[in-house]
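Trainee: Input: one structure, supplied below.
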Amino acid sequence: MPALQNILITGAEGFIGSHLVEALVAQGRRVRAMALYNSFGHYGWLDTLAPATRARIDLVMGDVRDAASVRQAMQGCDAVMHLAALVAIPYSYTAPSSYVDTNVTGTLHVLQAARDLELRKVVHTSTSEVYGSAQIIPIPETHPLLAQSPYAASKIGADQMAYSYYCAFGTPVATARPFNTYGPRQSLRAVLPCIMLQALSAAPRLRLGALAPTRDFNFVTDTVAGLIAILDSDKAVGETIHLGSGHEISIGDAVRLVAEITGKPLEIEAEPARLRPAASEVGRLVCDPAKACALLGWQSSLAGREGLKEGLTRSLEWFANPDNRSHYHDAQRYVV
1 MPALQNILIT GAEGFIGSHL VEALVAQGRR VRAMALYNSF GHYGWLDTLA PATRARIDLV
61 MGDVRDAASV RQAMQGCDAV MHLAALVAIP YSYTAPSSYV DTNVTGTLHV LQAARDLELR
121 KVVHTSTSEV YGSAQIIPIP ETHPLLAQSP YAASKIGADQ MAYSYYCAFG TPVATARPFN
181 TYGPRQSLRA VLPCIMLQAL SAAPRLRLGA LAPTRDFNFV TDTVAGLIAI LDSDKAVGET
241 IHLGSGHEIS IGDAVRLVAE ITGKPLEIEA EPARLRPAAS EVGRLVCDPA KACALLGWQS
301 SLAGREGLKE GLTRSLEWFA NPDNRSHYHD AQRYVV
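Numbered by UniProt numbering, the letters in the sequence shown go through residues 1 to 336 in order.
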């Protein structure tokens, strides 16, 4: 039985968070799922989980921007897995201060509560966007940090706050740095769901931004397995660890792969709203996963082109289900 049994997950209602909740509950752990407070009483994707799974979750509402609600949610826990964040890059151009409030100050509140309550582990979730366009290929954990968006800057601030608590106070912090996670429940603001939903249309004509940038895409269950491996490893404390496949593909080639899976010719037209400012576009991201393999024994189960094809096939099957699409208020924009 894993040593850490009582786990708080912030951002539990989101894409990766909800999958993480499912995985930890399946392992028999006691999960307290913290979702952002809202007046509708909605728990995001947690509302869609199987009743047997939901019955085993301690659901709480709060806000990482509020130190008191974080501390209250953390009471009685062995560890916290911190996923709560504002992540949409385009919105960070519009409301950058909200990213600092949530991503930097929110992380500070999680760290301080964990320190005061003497938790045995903090898993802080970063992002590959902190590197900007790759200067070293593949990207190691020692790659320089270069924020090309307010979102990336806020995540660098959060990462450094986490590391400072490890150095200054001995807080048992480990930082997970996933590359581009994809799969069921992902927001339509992300490029792969956007491609897949449009590909499912009766007359597919894709509206996309830049096609040349490359990414290292990882299926959500692989990212979740990596997060849990970091949670359970004493060797991860004080470390930043990549979760990525080491496989690089351009957005344009991802479109062609989806076309291959669906058997449909996909016509592309530029959508200016999806283009980043030129100096803010991250041109290339590809992970060096060697540290995760050496330290944790973790590696992507769906790596390479064939692994990505399998993950996209599973994702397309999920998005093809009208019941799943009904949770997206703007899905009709893509599937007609």
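Glycine included, each C-beta is placed from N, C-alpha and C at the ideal position.
In the structure shown, what three-state DSSP assignment does Phe179 receive?
Mentor: Counting from one through the sequence shown, the residue named residue 179 turns up at place 179. Phe179 falls in the coil class under three-state DSSP.
Trainee: Can you tell me which of the three DSSP states Lys264 falls into?
Mentor: Position 264 of the sequence shown, counted from the first residue, corresponds to residue 264. Lys264: coil per DSSP, three-state reduction.
Trainee: Please identify the residue among Phe219, Gly62, Glu22 whose C-alpha is closest to the C-alpha of Thr48.
Mentor: Walking along the sequence shown from the start, residue 48 turns up at place 48. Comparing Cα positions, the closest option is Glu22.
Trainee: Leu46 and Arg54 - do their beta-carbons sit closer together than 8 Å?
Mentor: Walking along the sequence shown from the start, residue 54 turns up at place 54. Walking along the sequence shown from the start, residue 46 turns up at place 46. Contact flag set, yes.
Trainee: In the DSSP assignment, the beta strand (DSSP E) including Ile7 goes from what residue to what residue?
Mentor: Numbered from 1 along the sequence shown, position 7 holds the residue referred to as residue 7. Per DSSP, Ile7 belongs to the beta strand (DSSP E) from 6 to 10.
Trainee: Going straight from the alpha carbon of Ile136 to that of Pro90, what length do you get?
Mentor: Residue 136 sits at position 136 when you count from the first residue of the sequence shown. Residue 90 sits at position 90 when you count from the first residue of the sequence shown. If you take the alpha carbons of Ile136 and Pro90, they lie about 26 Å apart.
Trainee: Classify His327 as buried or exposed, calling it buried when 16 or more other Cβ atoms lie within 10 Å of its own Cβ.
Mentor: By one-based count along the sequence shown, residue 327 stands at place 327. With fewer than 16 other Cβ atoms within 10 Å, it is exposed.
Trainee: Output yes or no for whether 8 Å exceeds the beta carbon distance between Val282 and Ser133.
Mentor: Taking the sequence shown and counting its residues from 1, the one referred to as residue 282 is at position 282. Taking the sequence shown and counting its residues from 1, the one referred to as residue 133 is at position 133. Contact: yes.
Trainee: On the CB-based measure, 16 or more other CB atoms within 10 Å of its CB, does His42 come out buried or exposed?
Mentor: Taking the first residue of the sequence shown as position 1, residue 42 is located at position 42. His42 should be labelled exposed.
Trainee: By DSSP, does Val336 sit in helix, in strand, or in coil?
Mentor: Translated into positions along the sequence shown, residue 336 becomes position 336. For Val336, the pLDDT reaches just 49, beneath the cut-off of 50, and the residue's location in the model is therefore unreliable, leaving the point undetermined.
Trainee: Consult DSSP for Ala292 and reduce its assignment to one of helix, strand or coil.
Mentor: Within the sequence shown, numbered from 1, the residue matching residue 292 stands at position 292. Note: Ala292 maps to helix in three-state DSSP.
Trainee: Measure how close the beta-carbons of His104 and Ser154 come, nearest whole angstrom, since I'm counting them as under 8 Å.
Mentor: On the sequence shown, position 104 is the one that residue 104 refers to. On the sequence shown, position 154 is the one that residue 154 refers to. Sequence inspection shows Val at residue 104; the His mentioned does not correspond to that position. Right, their Cβ atoms sit about 6 Å apart.
Trainee: In terms of alpha-carbon separation, which member of Ser245, Val60, Leu146 lies closest to Leu302?
Mentor: Numbered from 1 along the sequence shown, position 302 holds the residue referred to as residue 302. The residue with the shortest Cα to Cα distance from Leu302 is Ser245.
Trainee: So the candidates are Ala320, Leu117, Ile261; which of them puts its Cα closest to the Cα of Glu310?
Mentor: Here residue 310 refers to the residue found at position 310 when the sequence shown is read from its first residue. Among Ala320, Leu117, Ile261, the Cα nearest to that of Glu310 is on Ile261.
Trainee: Using 10 angstroms around the beta-carbon of Pro265, count the other beta-carbons present and answer buried if the total reaches 16, otherwise exposed.
Mentor: Within the sequence shown, numbered from 1, the residue matching residue 265 stands at position 265. When all chains shown are included, Pro265 counts as exposed.
Trainee: Taking the C-alpha atoms as reference points, what is the distance between Val25 and His124?
Mentor: Here residue 25 refers to the residue found at position 25 when the sequence shown is read from its first residue. Here residue 124 refers to the residue found at position 124 when the sequence shown is read from its first residue. Taking the straight line joining both Cα atoms gives about 20 Å.
Trainee: Do you know whose CA, among Val258, Arg29, Leu275, Val122, lies nearest Arg205's CA?
Mentor: Counting from one through the sequence shown, the residue named residue 205 turns up at place 205. With distances taken between Cα atoms, Arg205 lies closest to Val258.
Trainee: By DSSP's criteria, Val173 is part of a beta bridge. Which residues make up the other side?
Mentor: In the sequence shown, residue 173 corresponds to position 173, counting from 1. Per DSSP, Val122.
Trainee: Determine the closest residue to Met196 out of Ala320, Arg115, Leu275, with distance taken between C-alpha atoms.
Mentor: The count along the sequence shown starts at 1 and reaches residue 196 at position 196. When only C-alpha atoms are compared, the closest one is Ala320.
Trainee: Count the other CB atoms, across all protein chains shown, that sit within 10 Å of the CB of Leu312; report buried if there are 16 or more and exposed otherwise.
Mentor: In the sequence shown, residue 312 corresponds to position 312, counting from 1. With 16 or more other Cβ atoms within 10 Å, it is buried.
Trainee: Tell me whether Arg276 sits in a helix, a strand or coil according to DSSP, three-state version.
Mentor: What you label residue 276 is simply residue 276 of the sequence shown in a count that begins at 1. Here Arg276 sits in coil by DSSP.
Trainee: My understanding is that His247 touches Gly304, with C-beta atoms under 8 Å, so please give their C-beta distance in whole angstroms.
Mentor: Taking the first residue of the sequence shown as position 1, residue 247 is located at position 247. Taking the first residue of the sequence shown as position 1, residue 304 is located at position 304. That belief holds up - the Cβ atoms of His247 and Gly304 are roughly 5 Å apart, short of 8 Å.
Trainee: Tell me the rounded alpha-carbon separation between Leu227 and Arg207.
Mentor: Taking the sequence shown and counting its residues from 1, one reaches residue 227 at position 227. Taking the sequence shown and counting its residues from 1, one reaches residue 207 at position 207. So the alpha carbons of these two residues sit roughly 33 Å apart.
Trainee: Within its chain, find whatever has a CB closer than 7 Å to the CB of Pro172; leave out the 5 residues flanking it on each side and keep chain order.
Mentor: In the sequence shown, the residue the question calls residue 172 occupies position 172. Contacts found: Arg120, Lys121, Val122, Val237.
Trainee: Grab the span of the alpha helix (DSSP H) containing His19 for me, first residue to last.
Mentor: Here residue 19 is taken as the residue at index 19 of the sequence shown, counted from 1. It spans 15 to 26 - the alpha helix (DSSP H) in which His19 sits, taken as one unbroken run.
Trainee: Would DSSP call Leu59 helix, strand or coil?
Mentor: Taking the first residue of the sequence shown as position 1, residue 59 is located at position 59. It is a strand residue.
Trainee: Between which two residues does the alpha helix (DSSP H) holding Arg115 run?
Mentor: In the sequence shown, the residue the question calls residue 115 occupies position 115. Per DSSP, Arg115 belongs to the alpha helix (DSSP H) from 106 to 116.
Trainee: Within the same chain, show all residues whose beta-carbon is closer than 8 Å to that of Glu271, passing over the 5 residues directly before and after it, in chain order.
Mentor: The residue you call residue 271 lines up with position 271 of the sequence shown. Cβ within range, chain order: Arg207, Leu208, Gly209.
Trainee: Buried or exposed for Pro322, going by 16 or more other Cβ atoms inside 10 Å?
Mentor: Position 322 of the sequence shown, counting from 1, holds the residue named residue 322. Result: exposed.
Trainee: Check whether the Cβ atoms of Thr10 and His82 sit closer than 8 Å, and answer yes or no.
Mentor: Looking up residue 10 in the sequence shown gives position 10. Looking up residue 82 in the sequence shown gives position 82. The answer is yes: Cβ separation under 8 Å.
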